[in-house]
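Visitor: Numbering (our numbering), first residue to last: 1 to 169.
Here you go, one structure.
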């Protein structure tokens, strides 16, 4: 039953509808889905969709981005691209749904951004069973409070502590 989640033949896991709703609640709208399943019947409503044939890693990204990358060996390239586009100033804010693989090199690319560790296992669209791995959603942008307000319903929100971290009041 769970073979699809363990097979490198299927790297795509379409975002559950409730997570798509939360993404829209945080961003208001999605300008770009760089890892879309379809242009004509996309899982995520966005102004622009890059599908596999478009090679989203080679294109510019801009505006509000939602990324649910292929979960295979190239996931690190997608994480690097997301951060690079934010640093370029073209991307204004973004959310990324990824497997919670905290021991990977690509995770370190994103670890400076707030993250929601999803409670339980997600059941991705077109799957009957929950994934055998935990999931996380990273937020890149200025509206951290909005991200917290929406995604705290899905799990714990964490932020890496660094020297000079403001503990607030």
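Note that beta-carbon positions come from the ideal geometry of N, C-alpha and C, so glycine has one too.
Pull up the distance between the alpha-carbon of residue 25 and that of residue 15, whole angstroms please.
Guide: So the two alpha carbons sit approximately 15 Å from each other.
Visitor: Out of 156, 88, 167 and 105, which has the shortest C-alpha to C-alpha gap to residue 73?
Guide: When each option's Cα is compared against that of residue 73, the closest is 105.
Visitor: Quick check: the Cα distance between residue 165 and residue 159, rounded to an integer number of angstroms?
Guide: Answer to the nearest angstrom: the Cα atoms are 10 Å apart.
Visitor: Measuring straight from C-alpha to C-alpha, what distance separates residue 4 and residue 167?
Guide: A caution first: residue 4 carries a pLDDT of 39, below 50, which makes its placement in the model unreliable, though a value can still be read off. Rounded to the nearest angstrom, the two C-alpha atoms are 43 Å apart.
Visitor: Three or more C-beta pairs closer than 8 Å, one from the stretch 52-59 and one from the stretch 90-105: is that the case here?
Guide: Cβ pair count under 8 Å is below three, so no.
Visitor: Once DSSP output is grouped into helix, strand and coil, what is the label at residue 75?
Guide: Note: residue 75 maps to helix in three-state DSSP.
Visitor: Candidates 126, 48, 130 and 110: which alpha carbon is nearest residue 119's?
Guide: That would be 130, whose Cα lies nearest to the Cα of residue 119.
Visitor: For residue 41 and residue 32, which I take to be in contact (beta-carbon distance under 8 Å), what is that distance rounded to the nearest angstrom?
Guide: Not confirmed; about 17 Å, so no contact.
Visitor: Helix, strand or coil for residue 14 per DSSP?
Guide: If DSSP states are grouped into helix, strand and coil, residue 14 belongs with the strands.
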